[in-house]
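Written below as structure tokens is the structure these notes are about.
Protein chains: 2
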Amino acid sequence: MPPALVPLDLLPWSRHHLERVERALSLWVGDGAPAGLGDAMRYAVLDGGKRLRPLLVWAAFEAVQGMPVPPGDAPQGGAAAALRAACAVELIHAYSLVHDDMPCMDNDVLRRGKPTVHVQFGEAQALLAGDALQAFAFELLTPEDPLVPADVQARLCRQLARAAGSAGMAGGQAIDLASVGLALTEDQLRHMHRLKTGALLQASVMMGAACAHPGPVAQAALSDYGAALGLAFQVVDDILDVVADSATLGKTAGKDAASDKPTYVSLLGLDRAQAYARALLAQAQAALQASGLDDTRALAALADMVVNRSH
Amino acid sequence: MPPALVPLDLLPWSRHHLERVERALSLWVGDGAPAGLGDAMRYAVLDGGKRLRPLLVWAAFEAVQGMPVPPGDAPQGGAAAALRAACAVELIHAYSLVHDDMPCMDNDVLRRGKPTVHVQFGEAQALLAGDALQAFAFELLTPEDPLVPADVQARLCRQLARAAGSAGMAGGQAIDLASVGLALTEDQLRHMHRLKTGALLQASVMMGAACAHPGPVAQAALSDYGAALGLAFQVVDDILDVVADSATLGKTAGKDAASDKPTYVSLLGLDRAQAYARALLAQAQAALQASGLDDTRALAALADMVVNRSH
């Protein structure tokens, strides 16, 4: 039984960890790229987004390491790897949004309250910026830097590549494409979302943990936590698409229904979708209890935030 | 001075090495992907292409290792890594063609004599297939397999990510986009091509070498070889775009002039472009001489093939 801890205040914890991520992304993204491409890459990544995935990396890393990462620009040891992992998962997320917004996919013109990348820079540049961001994620994970051991580099690349690829995010998007107008079962919808959004969220947790070498019990529990949180994220996304307005969301609301996409709300109705989100939150919290880790407050608070967010 | 060796017959050498690559790609690509996406990925990769990049991986690996890889499906030691590297560079090449052919880029409908991926599967599926192929390249490089040591996995990912990203292939494509209709200097054209095609060709050489742990002299010489060969490849591409027909090329000939793209032929004229290709071939061969490696015949024959090919 872990000792009783005072509740964690997520806001200062997040601010502290995100400052370092924002600084690193700002320093790294687009560096060495031709001007136009670099601008599009930076536009896609900087100055926006909830940064949920980097926060999951930090929270899992700290939970497994058993102590908080002190402030400062040059993290040492596992924290140097965790910073790179936090940036890398965000790069994959950002690239997927750039490609997803393109006319041949969702054809969206508004993202985080700004014109989407292809609107701002043209389709060709958006395509290349997405491609380059994906490559850069793997470049960030493999520095010529003895602070990040080779076995950690290889493991992080493996986890990220699987989560991003055809059995993860890209696969989920392909199923999504093929599902427009179809009546999916709940199992089929869950499978699609486990791939499309769940895989990268779960990988964020597992990559953060991998930077601190978890034991098998903690690893299995964090995997369960990540799976429940990943699915909860999508259920809540579907709910918000119905109940929130575009200004709050920073993107076009009501899109799913308009495009005849199957969602948890269309499948279960609003009440049961909300109950399902709460059940997944309880699963995530139970997994943390079973992890044997002393301090999982940040992970718990992030799960709570995912389910109770308003955008 | 290396001992005199009988000249290498490139055809049986290539056949032997490509059989293994084709089998591996056929086994691996699209495995576990949703049906439509997997089909598009396999269509993009299998049954086509010269496979120059995988051949460069094998040739560099054998040159550094100092002995040929015996036939068989389950290569051991460094050869297990080299097989994965050979497939990974081809996946990156294949994904770049899929995206490059899309309407917002080159809008090409014919590739290797077949309809391009977006013509066959639709634009959205083509976009996702390209994205998934890039991720899969990094997945292939990071197996949970003790045959490929973690430091080799990390180094291969690093080399491939750099070559594919904004300071490599994607960066070169962005410069290419921005250069249509402009009068580039020879330096600017060279810089564009070093990134756009040269980086991945050079990385193929260096990744093959990395699987066999080269010394610093060989490493520097192979880097020079890869740089010269990479540039030669593009100069010859520009020449073939002018002198060959579409049937021979398997893609639309005369496209560069039609789209007002700067090329070595438009910049130097045909005769000087041909002389430049021969000079680059001589540079590549000189680098092999300086490598201190005993048997670089396959690398020499590949450089010769690149410059003297008809398609």
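Protein sequence lines, in the order shown, are assigned to chains A and B.
Heads up: the first sequence at position 121 corresponds to 121 in this note's numbering, and the numbers run straight through without jumps.
In this note's numbering, each residue carries its 1-based index in the second sequence increased by 311.
Backbone N, C-alpha and C define an ideal beta-carbon position, used for all residues, glycine too.
Residues that DSSP places opposite A:P143 in a beta bridge: None; A:P143 has no bridge partner.
Using the beta-carbon of each residue, which ones in chain B are nearer than 9 angstroms to A:L37? S477, A481, G482, Q484, A485, I486, L488 and A489
In chain B, which residues lie less than 7 angstroms from A:G32 when you measure between Cβ atoms? S477 and A478
How would you list, in chain order, the residues of chain B whose beta-carbon sits under 7 angstroms from the beta-carbon of A:T142? A465, C468, R469 and A472
Start and end of the alpha helix (DSSP H) containing B:C415? Where B:C415 is concerned, there is no enclosing alpha helix (DSSP H), given that its DSSP letter is neither H nor E.
Closer than 8 angstroms, Cβ to Cβ, to anything on chain A: give me those residues from the stretch 509-542 of chain B, in chain order. none
State the beta-bridge partners of B:L421 as determined by DSSP. B:P426
Looking at chain B, which residues of the stretch 36-67 of chain A have a Cβ within less than 9 angstroms of any of its Cβ atoms? G36, L37, G38, A40 and M41
Whose CA, out of A:R51, A:A298 and A:A164, lies closest to the CA of A:V6? A:A298
If the criterion is Cβ atoms closer than 8 angstroms, does the pair B:A437 and B:A351 meet it? yes
Determine the direct distance from the alpha carbon of B:M503 to that of A:A221, and round the result to whole angstroms. 49 angstroms
So, is B:V491 buried or exposed, given that buried needs 16 or more other C-beta atoms within 10 angstroms? exposed
Here's the rule I'm using: 16 or more other beta-carbon atoms within 10 Å means buried, otherwise exposed. How should A:T185 be labelled? exposed
With a cut-off of 8 angstroms on the beta carbons, I'd call B:G541 and B:L578 a contact; round off their distance for me. Between B:L578 and B:G541 the Cβ distance is about 18 angstroms, and since that is not below 8 angstroms, they are no contact.
Which same chain residues, not among the five before or five after B:R353, have their C-beta less than 7 angstroms away from its C-beta? V340 and G341
State whether the stretch 316-333 of chain B contacts the stretch 409-425 of chain B, with contact taken as three or more CB pairs (one from each stretch) at a distance under 8 angstroms. no
Would you call the CB atoms of A:A154 and B:T453 closer than 8 angstroms? yes
Residues from the stretch 113-137 of chain A in contact with chain B, defined by Cβ distance under 9 angstroms: H118, G122, E123, A124, Q125, A126, L127, L128, A129, G130, D131, A132, L133, Q134, A135, F136 and A137
Is it true that the stretch 370-384 of chain B meets the stretch 477-491 of chain B, where meeting means three or more beta-carbon pairs spaced less than 8 angstroms apart? no
Express the C-alpha separation of B:H328 and B:E450 in angstroms, rounding to a whole number. 22 angstroms
Can you give the Cα-Cα distance for B:G537 and A:L288, rounded to whole angstroms? 51 angstroms
So that I know if they touch, is there some Cβ in chain B lying closer than 8 angstroms to that of A:C104? yes
What are the boundary residues of the alpha helix (DSSP H) that includes A:G230? P216 to V243
At least one CB of chain A closer than 8 angstroms to the CB of B:D462: is that the case? yes
Three or more C-beta pairs closer than 8 angstroms, one from the stretch 360-376 of chain B and one from the stretch 516-529 of chain B: is that the case here? yes
Please name the residue in A:G48, A:P146 and A:A284 whose C-alpha comes closest to that of A:V307. A:A284
Where does A:P34 sit, in a helix, a strand or coil, going by DSSP? coil
C-alpha distance - B:Y575 paired with A:Y95, whole-angstrom precision: 33 angstroms
Using beta-carbon positions only, say whether B:E401 and B:V356 come within less than 8 angstroms of one another. yes
Cβ of A:E186 within 8 angstroms of any chain B Cβ: no
One question on the structure: do A:S310 and A:A218 come within less than 8 angstroms of each other, judged by their Cβ atoms? no
Sub-8 angstroms separation of B:S534 and B:L367 beta-carbons: no
Kindly say whether A:E139, judged by its beta-carbon, lies nearer than 8 angstroms to any beta-carbon of chain B. yes
Can you find a C-beta in chain A that's less than 8 angstroms from the C-beta of B:H328? no
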